[in-house]
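Chains as they are written, first to last, in my numbering: chain A, 157 to 312; chain B, 157 to 312.
We put the CB at the ideal spot given by N, CA and C, even for glycine.
As the structure is a computational prediction, the values presented were derived from the model and not from experiment.
Data block below; observations after.
2 protein chains.
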Amino acid sequence: MRMSQGVEWALHCCLNLAWVGGPVPGARLAGFYSLPPAYLNKQLQALVRAGVCESVPGPRGGFRLARGPAEVSLLDVVVALEGREDAFRCTSILGATPGGDPTVDHSGSCAISLSMRAAELAWRRELAARSLADVAADVVRSAPDAPRRTRAALTP
Amino acid sequence: MRMSQGVEWALHCCLNLAWVGGPVPGARLAGFYSLPPAYLNKQLQALVRAGVCESVPGPRGGFRLARGPAEVSLLDVVVALEGREDAFRCTSILGATPGGDPTVDHSGSCAISLSMRAAELAWRRELAARSLADVAADVVRSAPDAPRRTRAALTP
DNA sequence: GACGGATTACTCGGATAGTTCGTGTCCGAGTTTGGTGGG
DNA sequence: CCCACCAAACTCGGACACGAACTATCCGAGTAATCCGTC
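In structure tokens, the structure reads:
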């Protein structure tokens, strides 16, 4: 169970977009982190599709946050790239047992499925409770000049 | 981020092993769920390697739980198959930024990494708090004859 | 000097190969069981 | 009748192909800024 690497990139990029405010080209973000530009662009596209970011075409264009940093949770970014489905998927394995009915969905009655979903719900709850603004505040607490330095490095 | 299908199989099998008590051949468990026997065997081997199950060779052999059902948590089974590493892995992306040091590990100072790890910790905590005995109790509450039926189907 | 239009350069966006990990399968090593022959 | 030995069958265990998803990349469509000529 390995999370896509793009999630880490997207989180860092969104944090930077929150500090910059205006649109930043994907290529500049990629250069900032020494990442492959085309692949990072693909991840940013997913953020746009999910409504987390907006894209501005043409010169002086790029990507920017669609909402305020306080309105974007870490869960929003994760879901944008990994999809809305749970990591644990009940395949209705009980339907294949002797006497089981293969046509019904056991995900609501299977105790194992319920326990796994409860655990993932706790994970999602933690991610949903933490916004980009919260993370940004933590960063500022440990490195007060990080926003300024980032803004200077990402604006021409 | 999709969890391996073997996790679901292993959880169901461990629950059944808890009810049967004695060793059950992997082929019989596979037949019970209509699963590919050789592949299920591979997952059960992982459980043995992790110390969750014990294997008994020869006729009348098979797999059985290494500890009591109350001493086996859902997290033990998940870790046995998916590994101990976190789903989110900090690649020290901050080391590639202008002015960053690529040699140091940022996973302890990066606010994003800390938030993601906190969320996974909540997930792990939920899984560690639920044992096979707890799940078995829930199943008995909704289907009191499930242990008897399972034992009858898995013992010759 | 101001305005209109075409050009230009820059941006995103989706379609296209390469590689790793999960899925599925196979056959061999080891052990217990049962039978068999002898004492 | 009891014991030791032997053969056989059954079990797990690791090594071997196949497929899907993630990773990485390219080039084209579209748009805003810019430059130039004209009024």
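Residues of the segment 188-203 of chain A that bring their beta carbon within less than 9 Å of a beta carbon in chain B comprise F188, Y189, S190 and L191, in sequence order. Residue environment analysis places R304 (chain B) among the exposed positions, since fewer than 16 neighbouring C-beta atoms fall within 10 angstroms of its C-beta. Boundaries cannot be given for V208 (chain A), as no alpha helix (DSSP H) includes it and DSSP labels it neither H nor E.
Nearest C-alpha to Y195 (chain B) among B:V176, B:A252 and B:G162: B:G162.
Only E276, A278, W279, E282, L283, R286, V291, D294 and V295 from the segment 276-295 of chain A bring a Cβ to less than 7 Å from some Cβ of chain B. Of all residues in the segment 205-218 of chain B, none comes within less than 7 Å of chain A when Cβ atoms are compared. Chain-order list of chain B residues neighbouring P300 (chain A): empty, with the shortest C-beta distance near 13 Å, by a criterion of under 9 Å. The DSSP assignment places complete alpha helix (DSSP H) segments of no fewer than 4 residues inside the segment 218-296 of chain B at 230-238 and 267-285, in order along the chain. Going by beta carbons, L173 (chain A) and R223 (chain A) fall outside the 8 Å limit. With contacts defined by Cβ atoms closer than 8 Å, T306 (chain A) and W165 (chain A) do not form a contacting pair.
In this structure, V204 (chain A) lies away from C170 (chain A), with their beta-carbon atoms at least 8 Å apart. Following the DSSP letters along the chain, one finds T306 (chain B) inside the alpha helix (DSSP H) bounded by residues A302 to L310. In terms of Cβ geometry, S265 (chain A) and S298 (chain B) form a close pair [threshold 8 Å].
Contact residues of the segment 247-258 of chain B toward chain A are T247, I249, A252, T253 and P254 (C-beta to C-beta distance below 7 Å). Residue burial annotation: G182 (chain B) is buried, with at least 16 other C-beta atoms found within 10 angstroms of its C-beta. Using a Cβ-Cβ cut-off of 9 Å, V180 (chain B) is close to nothing in chain A; its nearest Cβ partner there is about 14 Å away. The beta-carbon separation of L283 (chain B) and S229 (chain B), rounded to 7 Å, stays under the 8 Å limit for a contact.
Comparing alpha-carbon positions, the option among B:R184, B:Q199 and B:P192 lying closest to R216 (chain B) turns out to be B:R184. In terms of beta-carbon proximity, V163 (chain A) lines the interface with chain B, with at least one pair separated by less than 8 Å. For R240 (chain A) and H262 (chain A), the gap between their C-alpha atoms comes out near 20 Å.
Boundaries of the alpha helix (DSSP H) around L173 (chain A): Q161 to V176. Annotated as proximal: V291 (chain B) and S271 (chain A), with beta-carbon spacing under 8 Å. Between the C-alpha atoms of T247 (chain A) and M159 (chain B) there is a straight-line separation of about 12 Å. Taking 8 Å as the cut-off, the Cβ atoms of L310 (chain A) and F188 (chain A) count as close. Exposed is the label assigned to G177 (chain A), since fewer than 16 other Cβ atoms lie within 10 Å of its Cβ. Per DSSP, the continuous alpha helix (DSSP H) segment holding R184 (chain A) begins and ends at G182 to Y189. DSSP places A202 (chain A) within a helical segment (H, G or I) once states are collapsed to three. With a cutoff of 8 Å on beta-carbon distance, E238 (chain A) and M157 (chain B) are scored as near each other. Distance from the Cα of E210 (chain A) is smallest, within the candidate group A:P193, A:P192 and A:V180, for A:V180. Distance from the Cα of I268 (chain A) is smallest, within the candidate group B:I268, B:G214 and B:L231, for B:L231.
Just so you know, the alpha carbons of R245 (chain B) and A285 (chain A) end up roughly 20 Å apart. With a 10 Å radius around the Cβ and a threshold of 16 neighbouring Cβ atoms, R281 (chain B) comes out exposed.
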